[in-house]
């Protein structure tokens, strides 16, 4: 993981994988299919832990709160997604004591998205409620409407709690939308359990998701790592592969030509990382 | 549209049904109330597609009597167009009744009645224009008109001016069947190409046959697949007539359509060839393969590369746009490069080589872009 994240990182499923090597993923293909523009519902944690600071750059870099970094990430996501296809739409909700709408109406207007994002604030006496059933209920309801319009529905949950596991009472096999999670947490220690929270989030994603949902975690890392992960979440669910096989971002750096004559480079290393 | 009070519900239902279900793209140009400071609007100007243009008709309801059948005001130029009057005066023949009956037993509770009525009136208008065309004072022109009107779906418009008449044709090109060529079919409505031909018939004795102004027009949603503006029309020559011109055009268009289908496949293979160099694209267009976006990193600088692939690919190269993931402008939005399409390119390279060359170009270009981004913001992030 990039420098800046916790010293004892929590282990993601790829780290926990069995020792037997899995077969290489099939090469990328883009078969002819209908394109479904997305309706993406963001649910942002406005509990007290969203006030924790993250670093902007370098060990002495200035800090911003998780919520401020998240807000910037949301604008980045919406703008990039609209750059790819102007037909994607966004709506916003928050998770404080419970689920609450911030902007229920879906919009593909960047000004309206910016306004909704600016509106996200942490209440004066923030409380951590962890039941996300309401989020799933609303998502399921809205998803049916989106499907009727030939659109795909996705939830992106941004969760910031290092000890509070998310809870839900969602039935099995009701998968009308896909969920992604961006999990921001403190360094694992005796007073918290981010690994358990992470595992619960992964379970929730697998439980509800129609397509492959992605889960990213970031400890006390820098904001640019958050932004990088959020850009991987740009991936259209119907065009995704398994998260472990998703080979992005790809290094775009000087390549060494293969078989370099006088043989100063090993045959394997074709790419030099700066 | 200027702000206006709402329509009363029964009238709104009629208009909404028309806009939702009509086979042609009707538009409302303006809406207003028949009374000064009326609480409700009850009149609107409808733009009705005709002959690759629009005709404007005012539809006059009454907010005080929303259940009453509407009245119509047709275009000022069409003084002879009186479908309602003619239907009333004519003996009840099949055509006459078809126009009158939606008026006579108008049922405001059935929201489809307005659409039904407008379609009938439009059909009457098509016939009206055809009759006008048959009376154009030029034998050669009447010959052209008669041959072309025999083709299904042709519409004709005759504009009368002091110097003469302008005769405009809109002729759909048959058998192109776009909706069957692209699978799965992304289009809800049938896609078509039309030849628009305008002749000016000068008054008095013409020494030469009129030469038409010619243009190809397509339905809007066809553009990502085939752009008719890129198709060069053969110039009209003296020996030609509409029928022979159309026959040659159909052959040419069929070739263009075959090329367009092949073009989709070429672009698809190109996008697939990006993945070994750029990783799996984050999102790509699986229908017409006109765009793909990838996520790259150089050191700690992460950025998106958006590929926009032209219809003329590979003769014309894809346009690239870089978007920073970590530099934001004053509005909080990521910084994007201007479009780049002057990088080294050859249409003769295979897809893998094209991808490789773009990769090599971007190695340096992304660093230039990073510098550009850093200069654009006072404080680095």
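Protein chains in written order, with the UniProt record's numbering: chain A, 1 to 274; chain B, 1 to 381. In this text, a Cβ means the ideal position worked out from N, Cα and C, and glycines have one as well. All figures in this text were calculated on a predicted structure; none of them were measured in a lab.
Residue 43 of chain A sits in a strand when the DSSP states are folded into three classes. Taking 8 Å as the upper bound for CB-CB distance, residue 280 of chain B and residue 309 of chain B are not in contact here, some 17 Å apart.
Under the 8 Å criterion on CB atoms, residue 289 of chain B is classed as interfacial with respect to chain A.
Relative to residue 179 of chain B, the option among B/257, B/129 and B/148 whose CA is nearest is B/257. For residue 72 of chain A, the residues of chain B that pass the 8 Å Cβ criterion are 328 and 332, in the order they occur in the chain. Taking 8 Å as the threshold, the shortest C-beta distance from residue 366 of chain B to chain A falls below it. Collapsing the DSSP output to three states places residue 229 of chain A in a helix. Looking only at A/22, A/12 and A/251, the smallest Cα-Cα distance to residue 300 of chain B is reached by A/251.
About 5 Å separates the CB atoms of residue 198 of chain A and residue 217 of chain A; that is less than 8 Å, so the two are in contact.
DSSP places residue 179 of chain A inside the beta strand (DSSP E), whose first and last residues are 178 to 184. By the criterion of at least three beta-carbon pairs nearer than 8 Å, the region 183 to 191 of chain A is not in contact with the region 74 to 81 of chain A.
The alpha-carbon separation between residue 173 of chain A and residue 208 of chain A amounts to approximately 7 Å. In the structure shown, the three-state DSSP call for residue 121 of chain A is coil. Residue contact with chain B for residue 65 of chain A: absent (no Cβ-Cβ distance below 8 Å to any residue of chain B). Between residue 7 of chain B and residue 114 of chain B, the gap from beta carbon to beta carbon reaches 8 Å or more. For residue 207 of chain A, the nearest beta carbon of chain B is not closer than 8 Å to its own beta carbon.
Between residue 120 of chain A and residue 102 of chain A, the beta carbon gap of about 6 Å places them in contact (Cβ cut-off 8 Å). In the three-state DSSP reduction, residue 357 of chain B falls in the helix class (H, G or I). Residues of the region 224 to 243 of chain A whose Cβ lies closer than 7 Å to any Cβ of chain B, in chain order: 224, 227, 228, 231, 232, 234, 235, 236, 239 and 241. Segment contact: the region 47 to 63 of chain B against the region 20 to 35 of chain B, three or more CB-CB distances shorter than 8 Å; contact assigned.
Beyond the five residues adjoining it in sequence on each side, residue 260 of chain B comes within less than 7 Å, by CB distance, of 225 and 226 in the same chain, given in chain order. Non-local beta-carbon contacts of residue 86 of chain A in its own chain, meaning distances under 8 Å to residues more than five positions away in sequence, involve 108 in chain order. Taking 8 Å as the cut-off, the Cβ atoms of residue 158 of chain A and residue 42 of chain A count as close.
The shortest CA-to-CA distance from residue 175 of chain B to any of B/194, B/167 and B/363 is the one to B/194. In this structure, the straight-line span from the alpha carbon of residue 183 of chain A to that of residue 135 of chain A is close to 16 Å.
DSSP places residue 343 of chain B outside both helix and strand once states are collapsed to three, so it counts as coil.
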